[in-house]
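Visitor:
Protein chains in written order, with the working numbering: chain S, 1 to 430; chain D, 1001 to 1254; chain H, 2001 to 2482.
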């Protein structure tokens, strides 16, 4: 438990100051519970099994600014940075939504405005295990900005919604964005999140996204972690699926920021759902990428499939911890999980822990995990055809990684991600 | 008489699926049962072999003079009732050959016969493999694991040959088979036909009956046999479809 | 049609644990409780040298400081260490000079367990050390082994007669401070087996220890130490049973294996401690620390275990792959039914270059049984070209049991190749019906499927025991499927 940093003190006193806020009662009660949950545990430490390999303590030592105001950000950016991406662009400057965005059938509103509506009581933090997740609890207690994206029932979004977070990190900042995605009955939604950082001081992002996929709805959710080295990012993603729904999560982490911790939690709350979790982590110098996924089969006849691939370069470190729970009522479950890793450097370290916990009997589950280097046979085959060593290796790594990127259903996003992979890999080799 | 079904009624999860079946099968006979999807063909096979979840709600079945419905599934098999499954299940880890020896010896023990000698078993296996053109390599593999559809069906007939039952029910053994596999399976069955055993061939298609020529053809519709005849009936069905059958049913059942 | 599931379950639940009888023999039992005096008492009983007493006392100190483990995914029952007696021996004397001196009741007991000790009846090709509660009562084939320079005796005897060897190796693989139960064992261990295979000797027969807990309110804390010197080979097997009792009994053993250059140790366990009744009353807590070290290049240690007994089994036979190109293997079948819990697996520490490990774990859960695989494959930065393959499968029978897998994979070397595969499946009604339809009854059908499933592990057992283990497996699961 870390409760001695100045950041901890700063946060607790800020929380107390704001007690006389004008929020509705249910929200301030929720915040109070969350705050208690956070202070009970403090910041997580490596003594906790879930954080065994990921020490965030060194990253909390900065003298953080907790409230980067909008005024400090001089950016004329109105759109994100993905080329040729035909999307509804939403830009959040230091967390704030400044312009009205109108998309037929889909409402986009600032979270604090939206939360005046009692209706959101049944969504916000409803499924997040606050006591077990101190960082998500901290966000819940103290988030300021964020947005709600809600698709009305039967609405099929004409194009993806691209949310770009722009932050000013001229000074060290600690930010806590929050996103709520609701795909109502039989709707279809694609959300792409990406980040733009101005300035080179450390920025610690503690984000929470909740995604509700209602009956027969579909949601595709992309999180593109393409960042400069001053980024440290702890991300908690909670998705709840109702019957007959489809959810795809794509979390791609590329070299840059020094710390990434993604928690992808998925509760299958209805029968006959389908879910895919795709993850790629390409880790560069000094980077730690930690993916903790948790798929919870609560109902019969659901299908979940998880594919996480990692390429570790230089002195980087990656952690994969994938849990699948199949609860007693979840008969006829099909749950699959695969984690493959390539270590390209002797200074890289991988910790992989796939985990199945099964309490139902009529299930088909499997997981696999591999750690390896280049397939010498394949390498030799390519060389025998006249391809040079570096080119051959690039070819193989791309083939390994593109296995995950080709699951991307938006061509512009796929192209963008693959281009960065190739570029980052070239940098890592020289 | 080998099989005597009288007014057999059965249900699954309280839904009536057999609504009074009458059928007699004598040694040496081949009966074909045809009918549209959902008419109860496979259910009849399941009820006769004692599959769980099928509840007999009325009627009686005697097999070789004994009350069939009173027996456990394995005893029905030991008495000489064989089902060639529509979807033969895969059982990883259990080799085909070990499975067959166990089955054969269990049946022998039931009839107070000693276990089969290893040499004799091997001889029998080789002989029957040839009969159904069953790839010898497959006998050492896990039961049906990774077999193609055709291999699975051939394995069913291979087992039939090995266990030498009195009455065999072929449940849509022809579905999904190409013409070569169909020919092999039918040839196997024809070679195994004798005046001591009998077959019930459940099928969707008249095609199979060109290879395995039935003595009788029955049409099952809505849980009842609505028409019986000779092999010409099958041809008629092929031409006219099942619609013309449906009419008399509703009147007959009133 | 007859629905058998309930009948069979009923019939099976009433099935008695075969080895649940009690031997009526006069015993000398130490008073309950654990203190420095207890340790002095045990050490004095055994006439031990000072160094061993000192070591025990140090272990006791670290036992007092050890926290209770908390990472397991079941509720650890509170063990009252003061409510256990730490020493129980047949009154007629500890170690016998010849079999004639052994109480006939004891010989009869082991005979009943299928372990004949008298010269006329001893098992061909297997040398047996029989341990009854706290002491070893007989070791067969001792002379034959002596001719090859092989030492096979109880550890108490080894302390007296091969003191330097014991002192040199004891606690070098599992230190006295390793964990709570290992520390307890080091403090109070009463007997166990000692094996030394000299350089270049291939042990001509299987060595085996048979453990029997008899007296109530006692714990069994045996300690086994096996040293295979350069280029030697030994295959060792342990078996165990205990009477049926309503209270839980603690079994906290330690096994240390040391394989020098080019040596190979094959260690097999068929564990059938009393599992408790169907309500979960009684049964053995089997908390065991087993670890081997491949000291030299090309050494090999292979663990095989068939775990069908005990209320709780908690053990991770591990291998430290120190020597270059050394090999570690772990083959396991663990069966849990009723309210049994098994949390077992292995740790493979790849330290040397070109080290290899292979893990095959097959869990079978029935009734309300819980089965966890917990394993660690660790590749250190210097373990160039290390290889690991792990396959861990779970088979579920019934809808109230659980299967869990917790594999930890940690690699610090880019040339390492690690593969882990896991599957979970069930014995389905459809499979049973298919076999029924071919004339095979449900019991046999389950046995057929389970033995097919566990074959890869059972094949690793010495011939003499593979058949036994196969039977044991079938018996353990009888009636679990409807």
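Just so you know, even glycine gets a beta-carbon here, dropped at the ideal spot from N, CA and C.
Computed from a predicted structure; not experimentally measured.
Go ahead and label residue 1243/D buried or exposed: buried means 16 or more other beta carbons lie within 10 angstroms of its beta carbon, across all protein chains shown.
Guide: Mapped onto the second chain, residue 1243/D falls at position 243. Label assigned to residue 1243/D: exposed.
Visitor: Taking 8 angstroms as the threshold (C-beta atoms), are residue 2193/H and residue 2224/H in contact?
Guide: Along the third chain, one-based indexing puts residue 2224/H at 224. Along the third chain, one-based indexing puts residue 2193/H at 193. Yes, they are a contact pair.
Visitor: For my contact list, residue 172/S and residue 65/S are in at a C-beta cut-off of 8 angstroms; report their separation, rounded to the angstrom.
Guide: One-based indexing of the first chain puts residue 172/S at position 172. One-based indexing of the first chain puts residue 65/S at position 65. Between residue 65/S and residue 172/S the Cβ distance is about 6 angstroms, and since that is below 8 angstroms, they are a contact.
Visitor: Would you call the CB atoms of residue 1164/D and residue 1088/D closer than 8 angstroms?
Guide: For this step, residue 1164/D is matched to residue 164 along the second chain. For this step, residue 1088/D is matched to residue 88 along the second chain. No, Cβ-Cβ distance for residue 1164/D and residue 1088/D is not below 8 angstroms.
Visitor: State yes or no: is the C-beta of residue 2084/H within less than 8 angstroms of the C-beta of residue 2219/H?
Guide: Residue mapping note: residue 2084/H aligns to position 84 of the third chain, counting from 1. Residue mapping note: residue 2219/H aligns to position 219 of the third chain, counting from 1. Yes. Within cutoff.
Visitor: Between 1158/D, 1196/D, 1208/D and 1192/D, which lies nearest to residue 1178/D when the distance is taken from Cα to Cα?
Guide: Residue 1178/D sits at position 178 when you count from the first residue of the second chain. Ranking the options by Cα distance to residue 1178/D, first place goes to 1208/D.
Visitor: Just tell me which of 2182/H, 2226/H and 2202/H has its CA closest to the CA of residue 2154/H.
Guide: Walking along the third chain from the start, residue 2154/H turns up at place 154. The shortest Cα separation from residue 2154/H among 2182/H, 2226/H and 2202/H belongs to 2226/H.
Visitor: Taking the alpha carbon of residue 168/S as the reference point, which residue from 133/S, 379/S, 94/S and 118/S has its own alpha carbon closest?
Guide: As a first step, residue 168/S is located in the first chain; it is residue number 168 there, counting from the start. Selected option, being the one with the closest Cα: 94/S.
Visitor: Cα separation between residue 2352/H and residue 2320/H?
Guide: Here residue 2352/H is taken as the residue at index 352 of the third chain, counted from 1. Here residue 2320/H is taken as the residue at index 320 of the third chain, counted from 1. Residue 2352/H and residue 2320/H: Cα-Cα distance of roughly 9 angstroms.
Visitor: Taking all protein chains shown into account, do 16 or more other C-beta atoms lie within 10 angstroms of the C-beta of residue 2040/H, making it buried, or fewer, making it exposed?
Guide: Walking along the third chain from the start, residue 2040/H turns up at place 40. Result: exposed.
Visitor: If you check the beta carbons only, do residue 134/S and residue 57/S fall under 8 angstroms apart?
Guide: As a position in the first chain, residue 134/S is number 134, starting the count at 1. As a position in the first chain, residue 57/S is number 57, starting the count at 1. No, Cβ-Cβ distance for residue 134/S and residue 57/S is not below 8 angstroms.
Visitor: Between which residues of its own chain and residue 325/S is the CB-CB distance below 6 angstroms, once the five residues before and five after are set aside?
Guide: Translated into the one-based positions of the first chain, residue 325/S becomes position 325. Here the set comprises 296 and 357.
Visitor: According to DSSP, simplified to helix, strand and coil, what is residue 2095/H?
Guide: Locating residue 2095/H in the third chain gives position 95, counting from the first residue. Reliability of the predicted coordinates at residue 2095/H is poor, the pLDDT of 49 falling under 50, and the value obtained from them is presented with this limitation in mind. Looking at residue 2095/H - three-state DSSP - the assignment turns out to be coil, as it is neither helix nor strand.
Visitor: Could you tell me whether any Cβ in chain H is nearer than 8 angstroms to the Cβ of residue 1052/D?
Guide: By one-based count along the second chain, residue 1052/D stands at place 52. Closer than 8 angstroms: yes.
Visitor: So, does the CB of residue 2399/H fall closer than 8 angstroms to a CB anywhere in chain D?
Guide: Taking the first residue of the third chain as position 1, residue 2399/H is located at position 399. Not closer than 8 angstroms to any Cβ of chain D, the Cβ of residue 2399/H fails to qualify, so no.
Visitor: What residues in the region 1056-1073 of chain D bring their beta carbon closer than 9 angstroms to a beta carbon of chain H?
Guide: If the cut-off is 9 angstroms between Cβ atoms, the region 1056-1073 of chain D has 1056, 1069, 1070, 1071, 1072 and 1073 near chain H.
Visitor: Distance check for residue 2473/H and residue 412/S, CA to CA, integer angstroms please.
Guide: Along the first chain, read from residue 1 onward, the residue named residue 412/S stands at position 412. Along the third chain, read from residue 1 onward, the residue named residue 2473/H stands at position 473. Spanning the two alpha carbons is a distance of roughly 57 angstroms.
Visitor: What three-state label does DSSP hand residue 2040/H in the structure shown?
Guide: As a first step, residue 2040/H must be located in the third chain, where it is residue number 40. Helix.
Visitor: Is it right to say residue 349/S is buried, meaning 16 or more other beta carbons lie within 10 angstroms of its own, or is it exposed?
Guide: Residue mapping note: residue 349/S aligns to position 349 of the first chain, counting from 1. Burial call: buried.
Visitor: May I have the straight-line CA-CA distance separating residue 2400/H from residue 259/S, to the nearest angstrom?
Guide: Here residue 2400/H is taken as the residue at index 400 of the third chain, counted from 1. Here residue 259/S is taken as the residue at index 259 of the first chain, counted from 1. Going from the Cα of residue 2400/H to the Cα of residue 259/S covers about 41 angstroms.
Visitor: For chain H, is any of its Cβ atoms less than 8 angstroms away from the one on residue 1107/D?
Guide: Working through the second chain from its first residue, we reach residue 1107/D at position 107. Chain H, which has a Cβ nearer than 8 angstroms to the Cβ of residue 1107/D, makes this yes.
Visitor: When you check each C-beta in the region 354-367 of chain S against every C-beta of chain H, which residues fall closer than 7 angstroms?
Guide: For the region 354-367 of chain S, which is checked against every Cβ of chain H, the residues closer than 7 angstroms are 354, 355, 356, 357, 358, 359, 360, 361, 362, 363, 364, 365, 366 and 367.
Visitor: Could you list which residues in chain H have their beta carbon closer than 9 angstroms to that of residue 351/S, in chain order?
Guide: For the purposes of this step, residue 351/S is taken as the residue at position 351 of the first chain. Ordered by position in chain H, the residues that pass the 9 angstroms Cβ test against residue 351/S are 2408, 2409, 2410 and 2411.
Visitor: Considering Cα atoms alone, identify which of 394/S, 120/S and 243/S is closest to residue 218/S.
Guide: Numbered from its first residue, the first chain carries residue 218/S at position 218. Checked all of 394/S, 120/S and 243/S; the closest Cα to residue 218/S is 243/S.
Visitor: From the DSSP output, read off the bridge partner residues of residue 2153/H.
Guide: For the purposes of this step, residue 2153/H is taken as residue 153 along the third chain, with counting starting at 1. DSSP output for residue 2153/H lists 2194/H as bridge partner(s).
Visitor: Whose CA, out of 193/S, 407/S, 391/S and 155/S, lies closest to the CA of residue 280/S?
Guide: For the purposes of this step, residue 280/S is taken as the residue at position 280 of the first chain. If we check each option's Cα against that of residue 280/S, 407/S comes out closest.
Visitor: Ignoring anything shorter than 3 residues, give me the beta strand (DSSP E) runs that lie fully in the region 320-400 of chain S, in order along the chain.
Guide: Runs of the beta strand (DSSP E) inside the region 320-400 of chain S: 333-343, 349-358 and 363-372.
Visitor: Please identify, using Cβ separations under 9 angstroms, the residues of the region 1014-1045 of chain D that lie next to chain H, in order along the chain.
Guide: The region 1014-1045 of chain D vs chain H, Cβ under 9 angstroms: nothing.
Visitor: Should residue 279/S be flagged as near chain H, meaning a C-beta pair shorter than 8 angstroms?
Guide: Your numbering for residue 279/S matches position 279 in the first chain. Output row for residue 279/S: interface = no.
Visitor: In terms of DSSP beta bridges, what is residue 13/S paired with?
Guide: Along the first chain, one-based indexing puts residue 13/S at 13. Residue 13/S is not bridged to any residue.
Visitor: Which partner residues does residue 211/S have in the DSSP bridge list?
Guide: Counting from 1 along the first chain, the entry for residue 211/S is found at position 211. Residue 211/S is bridged to 181/S and 239/S.
Visitor: With DSSP as the reference, identify every bridge partner of residue 305/S, one or two as the case may be.
Guide: Counted from its first residue, the first chain places residue 305/S at position 305. Looking at the DSSP assignment, residue 305/S forms a beta bridge with 276/S and 336/S.
Visitor: Nearest to residue 364/S by alpha carbon, out of 126/S, 331/S, 113/S and 104/S?
Guide: By one-based count along the first chain, residue 364/S stands at place 364. The shortest C-alpha separation from residue 364/S is found at 331/S.
Visitor: Give every residue of the same chain whose Cβ lies closer than 6 angstroms to the Cβ of residue 263/S, excluding the five residues on either side of it in the sequence, and list them in chain order.
Guide: Here residue 263/S is taken as the residue at index 263 of the first chain, counted from 1. Excluding positions up to five away in sequence, the list reads 236 and 292.
Visitor: Going by DSSP, which residues form a beta bridge with residue 2387/H?
Guide: Within the third chain, numbered from 1, the residue matching residue 2387/H stands at position 387. In DSSP, residue 2387/H forms a bridge with 2356/H and 2417/H.
Visitor: Which one of 354/S, 313/S and 327/S has the shortest CA to CA distance from residue 270/S?
Guide: Indexing the first chain from 1 puts residue 270/S at position 270. Of the candidates 354/S, 313/S and 327/S, the one whose C-alpha sits nearest the C-alpha of residue 270/S is 327/S.
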